[in-house]
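*Asks:*
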Amino acid sequence: MKKKFLFIFLILAFLIPGALFQSDVLYYNSLNLPSFSPPKEVFSIWIVLYILIAYVVSTIFTSYKNNEIRDFKQVFLVNYILNISFTPIFFSLHNQFLGLLVTIAIFITSVFLFYETYKLEKRLSSLLMPYVMWSFLVSILSFAIYSIN
Numbered sequence: 001m002k003k004k005f006l007f008i009f010l011i012l013a014f015l016i017p018g019a020l021f022q023s024d025v026l027y028y029n030s031l032n033l034p035s036f037s038p039p040k041e042v043f044s045i046w047i048v049l050y051i052l053i054a055y056v057v058s059t060i061f062t063s064y065k066n067n068e069i070r071d072f073k074q075v076f077l078v079n080y081i082l083n084i085s086f087t088p089i090f091f092s093l094h095n096q097f098l099g100l101l102v103t104i105a106i107f108i109t110s111v112f113l114f115y116e117t118y119k120l121e122k123r124l125s126s127l128l129m130p131y132v133m134w135s136f137l138v139s140i141l142s143f144a145i146y147s148i149n
């Protein structure tokens, strides 16, 4: 029961900030986009990724003692803060450079989150691979958007 509650809480913790700071579609459409920019519908993959992250985090949090997962918790917290900060930085402030830095930091912390998970649960860490790969792609996309605008 504790794991299920934490899982739902984490999903909401990812989705609510996104609902509060909606993406400015008009702003995004006004940007020069690289040829490899995916259609906007593809960005809904974040929902699936947040569910995977929530599952991994809730499993780790409920399977280990706090002192065993100190590094994992720190990496997750930094990664979470970066994730929820991207939308207001890029879409509300229209700050492409800071948005680029945030996407790079998200990618780096996603790698560390994968690594910390791998040290604890090798099989579970595989659920984070799509997140690591997508974060890498988003970093490249952010760099391209910043470069051509």
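With this note's numbering as the guide, the letters of the sequence shown map in order to residues 1 to 149.
No residue lacks a Cβ here, since even glycine has one placed at the ideal position from N, Cα and C.
Output the distance between the C-alpha atoms of V57 and F7, rounded to the nearest integer angstrom.
*Replies:* 8 Å
*Asks:* Roughly how many angstroms lie between the CA atoms of I53 and Q22, to the nearest whole one?
*Replies:* 21 Å
*Asks:* Since I believe T59 is in contact with L113 (beta carbons under 8 Å), could you give me their beta-carbon distance rounded to a whole number of angstroms?
*Replies:* Incorrect: roughly 13 Å between the Cβ atoms, too far for contact.
*Asks:* Ignore the nearest five residues each way along the sequence and tell me which others in N32's own chain have a CB closer than 8 Å to its CB.
*Replies:* Counting only residues of its own chain and dropping the five nearest sequence neighbours on each side, N32 has a CB closer than 8 Å to the CB of I145, I148 and N149.
*Asks:* Identify whether L118 lies in helix, strand or coil by the three-state DSSP scheme.
*Replies:* Residue identity differs from the one stated: residue 118 is Tyr in this sequence, not Leu. The answer is helix: DSSP assigns Y118 an H, G or I state.
*Asks:* Is the Cβ-Cβ distance between S135 and F107 less than 7 Å?
*Replies:* yes
*Asks:* Rounded to whole angstroms, what is the Cα-Cα separation between T87 and T62?
*Replies:* 30 Å
*Asks:* When the Cα atoms are used, what is the spatial distance from T117 to F36?
*Replies:* Approximately 31 Å, taken between the alpha carbons.
*Asks:* Over what stretch of residues does the alpha helix (DSSP H) that includes D24 continue unbroken?
*Replies:* Boundaries cannot be given for D24, as no alpha helix (DSSP H) includes it and DSSP labels it neither H nor E.
*Asks:* Where V48 and L98 are concerned, what is the direct C-alpha to C-alpha distance, given to the nearest angstrom?
*Replies:* The alpha-carbon of V48 is positioned some 25 Å away from that of L98.
*Asks:* For I16, does the count of other Cβ atoms within 10 angstroms reach 16, so buried, or fall short, so exposed?
*Replies:* exposed
*Asks:* Three-state secondary structure (DSSP) at L31?
*Replies:* Three-state result, L31: coil.
*Asks:* Span of the alpha helix (DSSP H) holding K65?
*Replies:* No alpha helix (DSSP H) holds K65; DSSP gives it neither H nor E.
*Asks:* Between which residues of its own chain and T109 is the CB-CB distance below 8 Å, once the five residues before and five after are set aside?
*Replies:* V75, V78, N79 and L82
*Asks:* Going by Cα to Cα distance, which pick from I104, S92 and L128 is closest to F143?
*Replies:* I104
*Asks:* By DSSP, does P130 sit in helix, in strand, or in coil?
*Replies:* helix
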